[in-house]
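One structure is given here, and the rest of the page talks about it.
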Amino acid sequence: MISAEFFCAELDRHGYGFFSGVPCSFLKGPFALLEQRGSYVPAPNEGIALSMAAGSELSGVKSAVLAQNSGLGNLLDPLTSLSMAYEIPLLLFVSLRGWPNAEDDEPHHAAMGAATIGVLESVGVAHGILKPTEQSLTALLARAEEERAHQRQFVILVPAKTVGTCDVPAKPSEALLDRRTAVTALARHLDGALVYSTTGMISRELFGVRDSGRNFYMQGSMGHAIGLGLGTALNRPDERVAVIDGDGAAVMHLGGLALVGERRPENLTHIVLDNGSYDSTGGQRTRGSSMRWADLALAAGYRTGETCRTEAEIDDHMAKVADLPGPHLIAVFIAKGGATPPRVTSAHTNAEVTARFKGEVALSRKDLP
Ligand SMILES: Cc1ncc(C[n+]2csc(CCOP(=O)(O)OP(=O)(O)O)c2C)c(N)n1
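Residue numbering for the sequence shown is 90 to 458, as defined by this note's numbering.
And the structure:
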């Protein structure tokens, strides 16, 4: 195993001065150390991480991006049409979830796990797979230097258990609510609604608190729960639709929020659980300051926007908007961390989640007058 300290020291030795990315638990140690040192700027999505790193390179600072392979789709456009097209060299660390054996990881990583290396090869980006030794990191960074000499990019692929983690002192949270209490309180008001929940711990929490065929646990596709909710709300005005998002996921594709505000489906409620962190990948910071969600939603065109910090506020507000036309946005500030909820895949395959959800929706359609 390569220690996070050695990993960062090697980057220092090669003169890297700016880092951005979106976290993966495989790189938890480096994310924590780089953030502590102040040279890392968390990005809302991998494409912006890459374009920011390219801007940093243009300003004369050697830069690197750290990402999960699930984010490869987000970064391919600026990788190919910006960094490659304009000959801006960059170093990328991309974790290999779902590789080498898809069955050792969650099913939503299977396709990208198998495809990551081929995708890089098809666009012609040089890459190497990191082994859990210091020599391997040193050798791959030397290869990155060779590519850099020709204004080219280099991707270091990071499999599981290759880079060590490190302890980072936790900052005390001002939030009173924990995730389980917040989801339990929200679920009390979601009976009968079709509920889309975002990737990671939030879906697992909803599953643990109140499993239902009317819940669609969207593991993977970070930032796209609102798209699912909007698509259903527009096409089934007879259904109440709720989306339970994370702050990291909501910011990743904030354009979805703008679209909700433009289409204005009355039957859609968008809930954002804001813990200021990417809790599901190790609690890395999402933003330095809280988003003013209610202002943002109203500016985009939502009919109501509200912020809740306690269970009583959730109850009051969810009851208030139940009979008002939406779209509504409800941001709930919660503490990061908490007990680890069960995996949805311990009880249902993804295909089962889809089948029973579609069954529920079809059933209610038959009931339409
Ligand atoms: C495109 C993409 N990038 C990165 C990840 C890895 N990932 C999975 S869950 C997660 C954190 C989600 O954060 P947030 O929405 O704030 O919810 P929380 O984990 O805090 O509950 C990340 C970064 C991913 N699944 N997809």
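Heads up, the beta-carbon is just placed ideally off N, CA and C, and yes, glycines get one too.
Every value quoted in this text rests on a predicted model; they were computed, and no experiment measured them.
Spatial neighbours of G350 in its own chain (CB-CB distance under 6 Å, excluding positions within 5 residues in sequence) are listed in chain order as A389, G390 and Y391. Between the C-alpha atoms of A282 and G302 there is a straight-line separation of about 11 Å.
Non-local C-beta neighbours of L357 in its own chain, meaning closer than 7 Å and more than five positions away in sequence, comprise G318, L319, A322, V330, V349, G415 and P416, ordered along the chain. Assignment of L180 by DSSP, reduced to helix, strand and coil, places it in the strand class.
A check of alpha carbon separations from K447 across L226, L418 and Y306 identifies Y306 as the nearest. As computed with DSSP, I419 is found in a beta bridge with I360 and E395. Between A274 and E395, the gap from beta carbon to beta carbon reaches 7 Å or more. 7 Å or more divides the Cβ of L181 from the Cβ of E99. At the C-beta level, S140 and P167 come within 7 Å of one another. At least one heavy atom of ligand 1 is found less than 6 Å from the C-beta of I291.
At least one heavy atom of ligand 1 sits closer than 6 Å to the Cβ of Q157.
A Cβ-Cβ distance of about 5 Å is found for the pair L266 and I423, placing them in contact under the 8 Å criterion. Shortest Cα-Cα distance from C255 to any of V361, M311, H359 and L116 involves L116.
Excluding the 5 residues flanking it on each side, G160 has same chain C-beta neighbours closer than 6 Å at V111 and E135, in chain order. Looking from the CA of E402, the closest CA among S152, A93 and H278 belongs to H278. In the DSSP annotation of this structure, G335 is not part of any alpha helix (DSSP H); the continuous beta strand (DSSP E) holding it starts and ends at V330 to G335. S184 is the residue among L209, E210, S211 and S184 whose C-alpha sits nearest the C-alpha of H198.
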